[in-house]
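Here the structure is laid out as structure tokens; the discussion comes afterwards.
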Amino acid sequence: FVYDEESPDDFEYYVWEGEFKYLNTVDVAHDYGVLEGLYFPWVLKLELESWKKNAKQEEKGIVIPHDLGRRFEIEGIQAFKTEGWQTSGMPVEENTNFILLSYWYWNQTNDDQFIKETAGFIKKLTQSLINRDTNNNGIVDTDIGITTYDNDGNLALYKGPDNTYLGIKQLAAYISAEKIFEISNDKEAKDLASQQAQMITESLKKAYDAYGFIPLSLNSSFAEKYLFEGKKVYGTEEQGFPFIIGLFYPTLTKLESPYLDELLPILAKSYSSAYEKSLVKNENGKVVGLQLAEYQHGNLGWFSHSVMADYIAERLLGLNYQSEQIFFPLIFDSPFAFTDGYTFRKPFYPPKSCLLFYPRGAALFVILN
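If you're matching positions, the sequence shown starts at 37 in my numbering and goes up one per residue.
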């Protein structure tokens with residue numbers, strides 16, 4: 037908690053994002069926000085207000101900064117240095133997360149007043165997302181920055197244009213925004229969000245028809261930085277289980293949407309395929325890990341997003357996966373239980389931990405919902 041002694045009723049609330057202690061980091065908040073929403077949503081409101089107050093303007097529109105400082109230095113400008121850090125560095129990731137967390141907060145509190153006061157700001161965030169789509173398929177393809185997967189082991193997840201991880205998160209944000217604009221009685225904004233959701237839905241269906249699965253990128257010319265088995269790999273060839281993570285809050289809130297209903301069959305089929313491709317097996321065929329994508333330099337896996345994906349798969353897609361069985365031997369009775377970075381390299385077991393602590397593991401509380 038932070039407050040001005042001259043205005044003791046004016047509270048602010050900050051969370052360290054983990055190892056590097058950035059303040060109110062929005063991409064990490066997407067994951068730990070489930071804990072706040074379930075048990076003390078009023079602090080989630082304070083975080084949302086901190087991001088809104090410190091939003092930045094850039095060429096494509098307004099953006100949420102990645103963080104608001106580091107350690108105890110609340111500066112209103114992010115400390116995480118990446119390309120475009122003066123404004124955001126993760127404009128799509130952060131803008132969509134704000135919308136999703138806003139709807140999550142409202143779902144838990146029915147705070148219509150907050151939504152009405154914030155809807156105009158969310159409308160600007162929505163337009164900023166739309167401005168980053170130049171080929172009219174609904175999915176961002178320019179001025180993306182990077183995603184929460186800020187590791188170049190898989191460029192499609194990291195910063196690929198027409199990135200389906202971001203596209204599905206956009207879809208989730210747009211159908212959440214529809215509900216927000218309904219509360220605020222803004223039919224024009226609601227219709228625009230609906231139109232964008234429909235465009236993304238059609239693009240994903242078209243991609244599935246073309247490839248037999250939803251690839252990590254719809255851009256046929258985008259290729260990975262590293263060679264895999266001596267060959268260049270293109271984004272349209274790639275699969276990875278995290279592509280559905282953006283549906284975490286729509287699943288948690290039981291958000292209804294005709295666009296989501298239309299996609300469920302192909303999401304289920306694509307997820308089953310992507311999960312299988314993401315498994316790491318030893319020479320004997322035994323599963324020893326779960327990495328983020330089929331083609332993942334360094335074989336990096338995240339515990340928290342594996343659990344979140346399991347939840348989405350079960351509650352939304354009707355699929356049963358138990359990724360915790362893969363990770364439990366690594367985190368049982370360990371001071372690094374919330375460590376997200378594991379590299380499943382030969383000889384495969386035990387895998388190497390990156391030993392970077394993040395509070396993303398708070399997403400586990402979704403199991404109690």
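Note that CB positions come from ideal geometry on N, CA and C, so glycine has one too.
With respect to I166, I216 sits apart: the two C-beta atoms are not nearer than 7 Å. Measuring C-alpha to C-alpha distances from I362 to each of P101, H333, R381 and L315 identifies L315 as the nearest.
Separation of S86 and I182 (C-alpha to C-alpha, rounded to the nearest whole angstrom) is 22 Å. Within the same chain, Cβ atoms closer than 7 Å to the Cβ of F37 are found at F47 and Y49, the five residues on either side in sequence being excluded.
Contact between the segment 104-113 and the segment 139-159 is absent: fewer than 3 CB-CB pairs across the two stretches fall below 8 Å.
Taking a contact to require three or more Cβ pairs closer than 8 Å, the segment 262-276 and the segment 303-318 qualify as touching. The alpha-carbon of S257 is positioned some 17 Å away from that of F264. A buried status is given to W52, since no fewer than 16 other beta-carbon atoms sit within 10 Å of its beta-carbon.
DSSP lists T379 as the beta-bridge partner residues of L336. Distance from the CA of I98 to the CA of F380, rounded to the nearest whole angstrom, comes to 39 Å.
Distance between Y68 and L82, taken at the CA atoms: about 15 Å. In the DSSP assignment, K261 falls outside any alpha helix (DSSP H), carrying neither H nor E.
Only residues of its own chain outside the window of five on either side were considered, and among them A259 have a CB closer than 6 Å to the CB of Y270, listed in chain order.
Secondary structure of G54 (DSSP, three-state): coil.
Below 8 Å, enough C-beta pairs join the segment 187-207 and the segment 229-242 to call them touching: three or more.
Here L326 carries a strand assignment [DSSP, helix/strand/coil]. Taking C-beta atoms as the reference points, E130 and V62 count as a pair closer than 7 Å.
Counted as a single uninterrupted DSSP element, the stretch harbouring Y307 is not any beta strand (DSSP E) but the alpha helix (DSSP H) occupying residues P294 to S314. In the displayed model, D369 falls within coil according to three-state DSSP, outside both helix and strand. In this structure T132 does not touch G125 by the C-beta definition: roughly 14 Å separates them, more than the 8 Å allowed. Annotated as proximal: I219 and D148, with beta-carbon spacing under 7 Å.
The three-state reading of DSSP puts S43 in strand, counting E and B together. Counting along the chain, K81 sits inside the alpha helix (DSSP H) bounded by residues P77 to K89. Under the criterion of beta carbons closer than 8 Å, L254 and D198 qualify as touching, at roughly 4 Å. In the three-state DSSP reduction, I362 falls in the helix class (H, G or I). In this structure, DSSP gives Y201 a helical state, which the three-state scheme calls helix.
Between H341 and the set N60, P294, P395 and K322, the nearest pair of CA atoms involves P395.
Per the coordinates, the alpha-carbon of L299 lies some 25 Å from the alpha-carbon of N190.
Bridge partners of K226 according to DSSP: none are assigned. For S342, the three-state secondary structure derived from DSSP is helix.
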